[in-house]
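Trainee: Take a look at the following structure, please.
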Amino acid sequence: MLWRISHPMDPFFREAPMTAMERGLKIESSGCRLSVIAGDNPTRKDEGSASEGGLPVRWGVDTIPPVSSAESFGAGVDYRYYLDLLRRGKWTILASTLLCFGLAFLAGFLRTPLYQAQATVSVELPPAPIDPTQAVMAPQYNSYFDYEYYFQTQLRVISGSTLALRAADALVRLPPYRGRNREELAAEIQASVAPRQLENTRIIAIAVTRESPEEAALWANTVAEAYIESNLEERKKSFQEAIAALKMLLERAEANQARVIEQLQQIAREFGLVPTEAGGGRVDTSALEAATRNLLEAQRERQQAEVRYHQAVAARETPHRIAALLPGPNELSGLLERKAALERELHELARKGFLERNPRVAQLRAQLNALEGHIARATEAAVETLRNELEAARQKEAEARRLRDLEQQRVQGASTDPRLLDQIVQQTVTSEITRELKQTLNRLELGGQLLRNNVALVDRAMPPRVPLNRQSPRVLLLGAFGGLLLGVGIVVARDFVNNTIRDAEEIERLLGRPVLGEIPRSAAAEEFARREAFHGLWTNLKLFHRGPSSHAVLITSSVMEEGKTTIACELAETAARLGARTVLVDLDLRRPDVHRRMPQLKRRGSHLGAVLIVDDEAATRKLIADGLAVVQRDGLEGGWTLGPILTAEDGQDALEKLRDADIALAIVDLMLPGMSGTELLEGIKERSPRTEVVMITGHASLETAIEAVRRGAADYLIKPFGLDALREAVARALRRRMRDAPPVRGSAFEVEGVVAYLAGEAELSALICETHIPNLYVLPAGRPPQNPFLLLDREIVGDLVRQLKAQFEWVILDAPPVVAVSDPLVIAPMVDGVLVVVRFHRTDRKIVRRALERLARANAPIWGVVLNDIRPEESRYEHYYYEYRPREAEASRRSLWSRSVEAIRGIRRQEHGRGIG
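Numbering (our numbering), first residue to last: 41 to 957.
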């Protein structure tokens, strides 16, 4: 079902029910009556009724919908629009892609090749300490993160400045590096070294990048050897420092022990208690010494137990440290090992990309959480165990002290001198300390002799053959992809900032007006496509008014340079050629241009002269004369016409007629009896230099054409040729003569026109000019007045329109731009319809909207919009602009200059006598 909404003042026709709703209208249907009610806040509302076929219609003019940013880009994403946008910007995208691809290739080609050599070393965990008494202070590796921290530390050591200095010291001894500054060389080494741990191994790869492959391998091996030597030396240095410290303590202990023994012997001799070689009695202190040693042992155990307990209390949050305090295998150690295994497995799953919601990861998390509870309870139990051990050690110490006191009392019974007792105790303590220090020193010396390096070289670096930064296809692909994204971004950004009209749908969606015509650019479109575009515009105009009455259409634009005058001229010509009696009125009194755009205007006494046809065949002369008669009837550019058409059979006859008549153009056959066409050409140019000559022939070559032009011919036609080719050749040949002709003064379009009528200086019938196109008349503007607005009186303009409508079926008026001046606002209410010309990809949306609003406020009946200057390559309807021709080839319409290539390739194959000639 089709709904039609029309009114003499504001016709509007749509063939889809939803289009009216898109304009903000509300359509109600009740019985056989349709109602069209304007929106809530119309700027103008006219109500009336009309009927067509018995159907009553109420009409209303709606307000122009506002343009918002949301409407500018649509409520949703139009994927087809963006695909078409990318198609139209394909050259920008291609250029950007090729540019970035070339830059990537050039960067890879120009950069200096770098080579990377790699040496690998295995790093084992340090062995457990030899002295069990150092177990509490020794590092423990019970957690996965402890291992990770250890290897991260080693990577920092390898990439540090200290190791780089050590490697530099080794390199400066080699001939290539002798004399080099040690610090500068170390800085280069540090900048070139990049260590990394190989995945799931205890191997560290030491990679060195240099411009020379041999140098890269040498530096990698030097750094690896320096790291191995440095690690071993550090361990040896630790042992040597510990041994030196123990020897110093041992020397002090032995000296103290010797002093105590000497004092004890002296005191004993004073009391006669120390046996001499001569014999004698002494107090037996062996039991006291044993009790004292037991007390010392108990005190040492109590101190160790106390240290372990306090460390356990302080390390409640670090169970692995508490586990290290427990002797031998224990429950807490086993739980910690299980926890470390679970953590390693979780880390491995995370490295492989498993997420937390993975069943295995969730199961391991649950086990780990349960294990944390067991570890917490085991930790508390371990702390309690250590506390019990401390209490037991204290009880043992108290018991040892009680026994020592008993022995001391016994000895005091024999000798009650306190000095003797003190010396005995000191002698016992110093002996015990000396013995312990000797044992520890022996163990450290044995450990130093058995010391091994936990770092070993796995593979030496070899000079690489392929540079690290070679031209990679991956880099080129990334460059091309980046260029593609850049090109797409440029195209989309350019479209985003573009606020001009880009297609017909945009006009209908944002401005609420139908697009009645889409005119392609003259230079970009075929003649057929542009002609059919105006036929379509004419058809759409007739849809508004199907009755027999005449109609006045005002054609305007929002701003200048939108092609309104061209549209008006070609639309008038189209209407006339289709049989409608049409007059074109130039009401642009400020910049009149219709008389220059209408070369078909007739002038009095404006013919150029006679035309002479010289050919030995009567049939050929007749065919050319008939074609020239059509040209004579239609006229030439600028309103010029041809004079009489004369014929001649040979060159002599032609020269006689040239003497008797003013010949403007001679069409001469190259092959003539007697005097040849070339000789006749020379004779014509000698007698009448202003006469233009067009040569024709059926047998031609490029050399012949060039020779004819050199002798003075204006153009060259090859048989067969059609009427269009003949018309173009005549126009080209006479263009110079028309340009040099003196201007015709006093013509209507130069002196008198609409201005004269509006000023009351002339009658309308005397100002209308005929044209060479049947049914087409022109009312030029005339001489521009000083103040055009004062001449545009509503009553006078309305009377002008009524008189023209009484004489013509269609009155097409060309008016100034709406936004620039106010002239169209005076004229618009007097016509039946207004067409607003909008230039494709040139006119701003806000400007068009402002023009439509001004026309709406002036009660102008806006029929719609004509989209002009469409470039097919930038339009989504590019495939529409092609010519729908018959399959048979058309006759050639090109002159010598456009057919030179064909002439070179095979013009001799043209058959004589084919077509004309």
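Every residue gets a Cβ at the ideal spot worked out from N, C-alpha and C, and that includes glycine.
1. Output the boundary residues of the alpha helix (DSSP H) element that contains D839.
2. For a minimum of 4 consecutive residues, which ranges assigned as the alpha helix (DSSP H) are wholly contained in the region 205 to 257?
3. Over what stretch of residues does the alpha helix (DSSP H) that includes A558 continue unbroken?
4. If you draw a straight line from the alpha carbon of E412 to that of E388, how long is it in whole angstroms?
5. Answer with buried or exposed for E602, where buried requires no fewer than 16 other C-beta atoms within 10 angstroms of its C-beta.
6. If you follow the alpha helix (DSSP H) that I595 is part of, which residue opens it and which one closes it?
7. Is I244 near V161, with beta carbons less than 9 Å apart?
8. Starting from the C-beta of A608, find all residues in its chain whose C-beta is less than 8 Å away, skip the five residues before and the five after it, and write them out in chain order.
9. Among E281, L892, A748, whose alpha-carbon lies nearest the alpha-carbon of G552?
10. Could you check which residue in E696, R699, K662 has the C-alpha nearest to that of I685?
11. Starting from R894, trace the alpha helix (DSSP H) in both directions and tell me its first and last residue.
12. Count the other CB atoms, across all protein chains shown, that sit within 10 Å of the CB of V837; report buried if there are 16 or more and exposed otherwise.
13. What does a CB cutoff of less than 6 Å around R621 pick up in its chain, not counting 5 residues either side in sequence?
14. Do T470 and L286 have their C-beta atoms closer together than 9 Å?
15. Specify whether the region 261 to 275 and the region 197 to 212 touch according to this definition: at least 3 beta carbon pairs, one from each stretch, less than 8 Å apart.
16. Just to confirm before moving on: does the CB-CB distance between A748 and L705 stay below 9 Å?
17. Verify whether the separation of the beta carbon atoms of I707 and I746 is less than 9 Å.
18. Provide the residue span of the beta strand (DSSP E) that contains L162, from first to last.
19. According to DSSP, is L629 part of a helix, a strand, or is it coil?
20. For A896 and G519, what's the separation of their Cα atoms in angstroms?
21. Helix, strand or coil for T731, going by three-state DSSP, please let me know.
22. Look at T606 and N908 and say whether their C-beta atoms are less than 9 Å apart.
23. Residues in its own chain within less than 6 Å of L844 by CB, not counting five upstream and five downstream?
24. Along the chain, where does the beta strand (DSSP E) containing I707 start, and where does it finish?
25. What is the rounded straight-line gap between the Cα of L375 and the Cα of E424?
26. Got a sec? Which residues, its chain only, sit under 6 Å from P253 by beta carbon, not counting five neighbours each side?
27. Give the DSSP-derived three-state secondary structure of R737 in the structure shown.
28. Can you tell me the Cα-Cα spacing of E437 and R483, whole angstroms?
29. If you follow the alpha helix (DSSP H) that T132 is in, where does it begin and where does it stop?
30. Pull up the DSSP beta-bridge partners for Y756, would you.
31. Along the alpha helix (DSSP H) that carries I867, what are the first and last residues, could you check?
32. Using the C-alpha atoms, what's the distance from R514 back to Q280?
33. Do I653 and I133 have their beta-carbon atoms positioned less than 9 Å apart in this structure?
34. Going by other Cβ atoms of all chains shown within 10 Å of its Cβ, with 16 needed for buried, is Q158 buried or exposed?
35. Cα-Cα, which of D628, S728, R250, A363 is closest to V794?
36. Considering only the beta carbon of each residue, do L556 and L577 sit closer than 9 Å?
Mentor: Looking at the coordinates:
1. 834 to 847
2. 222 to 232
3. Checking the sequence, you will find Glu at residue 558 rather than Ala. First-last for E558: 555 to 560, but that is the beta strand (DSSP E), not the alpha helix (DSSP H).
4. 20 Å
5. buried
6. Per DSSP, I595 belongs to no alpha helix (DSSP H); it is in the beta strand (DSSP E), 591 to 597.
7. yes
8. I595, L624, V634, I852, L853, D854
9. L892
10. K662
11. 885 to 897
12. buried
13. N815, F848, E849
14. no
15. yes
16. no
17. no
18. For the sequence presented, residue 162 should be read as Ser rather than Leu. Looking at the DSSP string, the run of the beta strand (DSSP E) that includes S162 is 155 to 163.
19. coil
20. 54 Å
21. coil
22. yes
23. V623, V851
24. 703 to 709
25. 17 Å
26. Y155, P503, P504
27. Sequence inspection shows Thr at residue 737; the Arg mentioned does not correspond to that position. DSSP places T737 in strand when its eight states are reduced to three.
28. 28 Å
29. 130 to 150
30. M735
31. 863 to 867
32. 55 Å
33. no
34. buried
35. D628
36. yes
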